Every structure is written in C-alpha cells, then in structure tokens.
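In full-length UniProt numbering, the protein residues as written are 1 to 547.
Glycine included, C-beta positions come from ideal geometry on N, C-alpha and C.
None of these values were measured; they are calculated from a predicted model.
Notes for the one structure printed next.
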Amino acid sequence: MNHILFNHTEAIYSLKPAFTSLIWVLMMAYVLLWAAGALALDSRTANNTNTCGNSQGNSGTVLHVSNQSQQAIFWSSTAIAVFVSLVQGAITTLIDLCEAESLWTVRFRLAVFEHYWWIAISAALLASFVSMIISFLAGNSNDALSVLALATASSLVVFRYAWPAWRNRHFCENRWAAWTGPSRTGIAPELVGKIGIPRNGGIQSPLIDADPTELLKVSLDSPSPPATTTEKGRLNYFNPFLRRRNDLEAGLSLSPLADSHSTLNDPNNLNTTAANGTNPPSGSPAPRSLPPGVFPPVTPGKSVSLLWGEFLGFSRRVSRGVLSIPSRLLVSQPVTDAGHNGQAMCLMHGVFGRNKGLAPWTFILKLSVQKFEENSVQWPRPAKVLRGYYEKEIEVSYGGLGEAFVKAATEMALLFADSRPRLVKDWFEQVMEQQDLSLARQAYQFGATDKELSLLYRLSYAAMLVSLACHTYGRKKRPEITVFKTYYALNLETLGPLPAWVSTAEIQMRVAEEEVNVASKTLEGLVRAVLPKPPPPPPPVDDYGQV
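If you want it as structure tokens, here you go:
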C-alpha cells in the first residue's frame, strides 16, 4: 500500500508512533548524558582538594571516575556492541537464507515481528554508544575511534533497518494474512470419500508443509505390515516423517455418506458426516450431506473444492501459488515490473493464489470502472493512475484465466493500494477474500440446485470486490446474496424468478447483515458496477421478417 505516494494524511499519522519512539530514545540519551555531567560536577565539588593536586594529570578529563569504573563502562559498551553485531548478523543471514531458499512461510512470519527486534537492536546500540561516550569523557582517549564507529553503526541500524521495518509493520501483518489464510484446493474424485470427521475435532497437522491432498493420498493405504520401500502413494513405515502423517490420518472416521439434515442445519458446523466415495444408484436423489470444508455441489466422479485452514486443524502456511510470483514482489520492499511500490500487488497475488476454486475462467464480472470507483469508500481512488501498469503485469500472470479474472485481479490490487492498512487487516480477519462456505452449504441444505450453487461461485469474485470497496469496521458478511439477487433481476427473462430458498427467513437475515454500515444506494451502485448488463431485446419484426 503506497500510502507515502497515495495518501499523505494517512502516511503522516502512521509515522507518529515512530517519531514518538525516536524522540523518546533521544531524550533518554540526553538524560543519561546530563546525569553523567551532574555526577562529574558532584565529584569535582566533593573532591576539590584532591583534584587540585592532580590537575596536571587530569587536565583533559571531563568526567572523573575511578579506573575500575572506566574499565567497567568500556567493557560493558564493548560487550553490548559485540552481542548486537552477532545478533544482527544472524538475523540478516536468516532472512537472506529464507528468501534464497524460498522458505516464505518462515520469512513472512518473521517479518510480522521484524520491527520489534530492530528497535531492540537500535536501543542496545544507542546504549552502547552512550556508554562509550561516557568512557571517552572519563579519560579513555583511545575510545575516539570506537565512538565514531558506534555512531555510524547506530545510525545505520536505525535508518536502514529499524525505521523501514517500523513503517512496514502493517504491510507485513497484512501480507501474512493474505498468503496464509484459508485456501481452496481441488480434491480428486477418488479422494473425496476420505474426507471425514477426525476424532479430536480437526484434521490436526502441525507439519508446516502438509496439505489436504498429501494427507488424503496417504490415507488411501490400508493398514499393512511395515514395508521397506516407498512407492508413489505408498507409505514407508520406517520413515518417521511419513509415519507421523499416517498417525494423523489414523484419527479420521470414514463414515458412509448419509442424509444428515439435522447436523447441517447450522451452516457454521463444518464437522459433518463424511462421504465414502461410492456413487448412489442411478436415478436416486443425491443425499444432502457434505464432508467438512467442502463446497457444494458434490457430483459423483468429479473433483470437489475444499476450503481448508486452521478451522480444520491445519497449520498456517504460505500458499503454493508463491512459487509463480516474482521474488521482487516477495521482499520487504516489493516493487512492480515498472518500478512502482509493489505492496498492493503482493497482497493481491496472495489472495488470488488461494481462492480461485475449480473453474476461475467462468467468473462473471463486467466492471464499470468509473461507477465502481465513485461508489467505493476509497474514493477518490488515487491509485487508479496505476491501472495500466498493474493490468499489463497481471495479464502476464493470469491472462490464461480470462479477461474477467485479469480485471478482478487488477481492481483488487488497486483497492489494496487505496485502502488503509487497518481496514485491509479487518477485511482479512473477516475472511472476506473467500466465498462464504457457510452460505453455500446453507443454500445447499435449503434445496438450491447445482446450477444455482454454481452461479454463487461464479459471482464470488464480484462479491469480493464489492466487499472491499464498501468495507467498514463492523461489517462481517460479503454481499453474496445481494449480488445474486441483482444478477437475477438483471437477467429475469433468461433466469426467471428468484429461487424459493432466497426468500427463507435465514437468508433474509443474511441480507440484512450484508447491508450493515453501508448505504443501500452505495451498495446497489457497487453491485451494478461489477455485473454485466443484460443484452438488449431483439428489435421487433413484421410478418415478413423485416425489422
């Protein structure tokens, strides 16, 4: 989020804590020097007779302390400086190693706390610097070079590391949320039946690189005697790393697929009865129960879309989509291909690497740029001047997924660039970047057809853009039903009336939640700005087929 370029007021307010900390450090240094001067003055007053006799030997000394105290101050300053140098070197090496080896989960997590350790290192160096000054003023004239070196090191750490880290702290928090939030992944048909209820309440996986696909592939193996070889899809029981995964999967309860309306009436209940992967008899109605985390519809013999993350017991990890992102967008000071601030692009890639679903090329989106910008809470949208640069770079990454996907990614990056960091953080905390799993499962239970459920998915990116464009603190629901109803209204002739499940009390309550803290006219304007207009009716013809 390029606030220095795009939002000067926000930039000034975001820098106030940094100015406060810097002033506090300078004041403490001044107090220490003042105290040292006062101590020297008191020492001169109390020992005036003794100092007169030794004036020739101490004529260049400002502070009068014993040799033992001088040595203690000198070695304390030296020890602090050496310790800080070692710690700084270790941290810098660790950061470089993580970036070079693509250990982005570790790197992004460390970055969340990076400003804390650089402030601590800066404070330690300043303490060492003050101690060295006191030692120099006490008569250690050989410390002049040390004072100069520590002054240079302190300035370098404060202005090269601590200051940028402090300014970047909100971006690092949002980057962690953008890349490690819940992810959607496709599950192959043969693995769908293995998604079940763990006995301990979640598919617990502390392994940082474990994902549902890996765990489910391991679960395909039935218990067998220990083996010494590992084939593709087979478990080597002598490998403790793989055995640990097998122990995790041992807790899965693979119950048969059964009707369970009672357990799924609560749309937030993700621990539902699992599917066993068997196809129902031909012509029989599909039972309306779902494995945990799975988006409906579930069609026998086809892949399903699984939302997984901490709510299913998985550890946070950076999306595998990071492998396709240029490294210049993943560093602490990201830049675009054209040389602009790349923070917004980094956040966008993190979101779009996790929420595409099974058919991203089918998304419905037709953006009316001017109308959308004028109705968004980020208006007047100063980042819009970067639209051409962003779209050109995004086309290279996502051009194969269609024009709608590229337009959505471009607008999302611009919205991130124009939004305040705390607003983006709140948006991520409400999981607004993902299609609402609870709503999809609720609609499924209320009798929504596969076509209607597919339409909810195809409109999910339009709802995502609207959700950020109208987001304020206190909003907790994406306007998915609002977008769905508006799309039906615009295409009444082809789609017909709204489905009956949209009129249920639960869904109407959901609509009221979608309208919290936003004017109805603003929400309607945003929704209509992201949906394609219906085609004009054909011109009337006469009996002879003439217009």
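When burial is assigned at 16 or more other CB atoms within 10 Å of the CB, is residue 527 buried or exposed? buried
Alpha-carbon to alpha-carbon, residue 340 and residue 455: 36 Å
For residue 412 and residue 154, I'd like the C-alpha separation in whole angstroms. Roughly 40 Å separates the two Cα atoms.
Would you check if the segment 327-338 and the segment 471-487 touch, i.e. whether three or more CB-CB distances between them fall below 8 Å? no
Thinking C-alpha only, which one of 493, 294 and 445 is nearest residue 506? 445
Same chain only: Cβ atoms within 7 Å of residue 189, ignoring 5 sequence neighbours per side: Within the same chain, residue 189 has close Cβ partners 301, 302 and 303.
Would you check if there are 3 or more beta carbon pairs closer than 8 Å linking the segment 425-441 to the segment 360-371? no
Please give me, in chain order, every unbroken run of the alpha helix (DSSP H) with length at least 4 that falls completely inside the segment 91-173. 104-112, 114-137, 144-156 and 163-167
How many whole angstroms separate the CB atoms of residue 465 and residue 530, which I take to be in contact at a CB cut-off of 8 Å? Right, their Cβ atoms sit about 6 Å apart.
C-beta atoms of residue 134 and residue 80 nearer than 8 Å: no
Collapsed DSSP secondary structure at residue 516 in the structure displayed: coil
Comparing the C-beta of residue 172 with each C-beta of chain B, is any distance below 8 Å? You won't find chain B in this structure, because it holds only one protein chain.
In whole angstroms, give me the CA-to-CA distance for residue 181 and residue 440. 19 Å
In chain order, what residues of the same chain have a beta carbon less than 7 Å from the beta carbon of residue 416, not counting five sequence neighbours either side? 1, 344, 347, 348 and 424
Measure from the alpha carbon of residue 504 to the alpha carbon of each residue in 71, 540, 152 and 481, then state which is nearest. Answer by Cα proximity: 481.
Compute the minimum distance between the beta carbon of residue 82 and the heavy atoms of the ligand ADP, and state whether it is under 7 Å. This structure lacks the ligand ADP, and indeed carries no ligand of any kind.
Beta-carbon contacts of residue 270 that lie in its chain and below 8 Å, excluding the five residues immediately before and after: Residue placement at residue 270 is flagged as unreliable, the pLDDT there being 35, under the threshold of 50; the coordinate-derived value follows with that caveat. Closer than 8 Å at the Cβ level, and outside the excluded window around residue 270, lie 292, 293, 311, 312 and 437.
Mapping DSSP to helix, strand and coil, what is residue 184? strand
Cβ atoms of residue 351 and residue 472: under 8 Å apart, would you say? no
Please name the residue or residues paired with residue 303 in a DSSP beta bridge. Residue 303 is not bridged to any residue.
To the nearest angstrom, report how far apart residue 363 and residue 170 are at their CA atoms. 31 Å
So who's on the other strand from residue 308, going by DSSP bridges? 183
Spatial distance of residue 536 from residue 400 (CA atoms): Straight-line Cα distance between these residues: approximately 29 Å.
Alpha carbons only, please: which of 452, 433 and 461 is nearest the one belonging to residue 179? 433
Candidates 461, 382, 435 and 306: closest to residue 405 by CA position: For the residues 461, 382, 435 and 306, the minimum Cα distance to residue 405 belongs to 461.
For residue 393 and residue 337, believed in contact at Cβ under 8 Å, the rounded distance: 5 Å
List the whole-angstrom C-beta distance separating residue 391 from residue 381, where the pair is believed to meet the contact cut-off of C-beta under 8 Å. The C-beta distance from residue 391 to residue 381 rounds to 15 Å, too long to fall under 8 Å, and the pair is not in contact.
Residues that residue 341 bridges to, as DSSP identifies them: 335
Around the Cβ of residue 96, are there at least 16 other Cβ atoms within 10 angstroms (buried) or fewer (exposed)? exposed
For my contact list, residue 408 and residue 501 are in at a C-beta cut-off of 8 Å; report their separation, rounded to the angstrom. Contact check for residue 408 and residue 501: beta-carbon distance about 27 Å, past the 8 Å limit, so the pair fails to qualify.
Buried or exposed (CB count within 10 angstroms, at least 16 for buried), residue 163: buried
Closest residue to residue 358 among 448, 184 and 150 (Cα-Cα distance): Taking only the C-alpha atoms, the option nearest residue 358 is 184.
Taking residue 105 and residue 298 to be in contact with their CB atoms under 8 Å, please state how far apart those CB atoms are, rounded to whole angstroms. About 31 Å separates the Cβ atoms of residue 105 and residue 298, ruling out a contact at the 8 Å cut-off.
Shortest alpha-carbon distance to residue 524 belongs to which of 509, 467, 495 and 498? 467
Comparing C-alpha positions only, which one of 88, 110 and 101 sits nearest to residue 121? 88
Using alpha carbons as the reference points, say which of 82, 127, 483 and 491 lies closest to residue 520. 483
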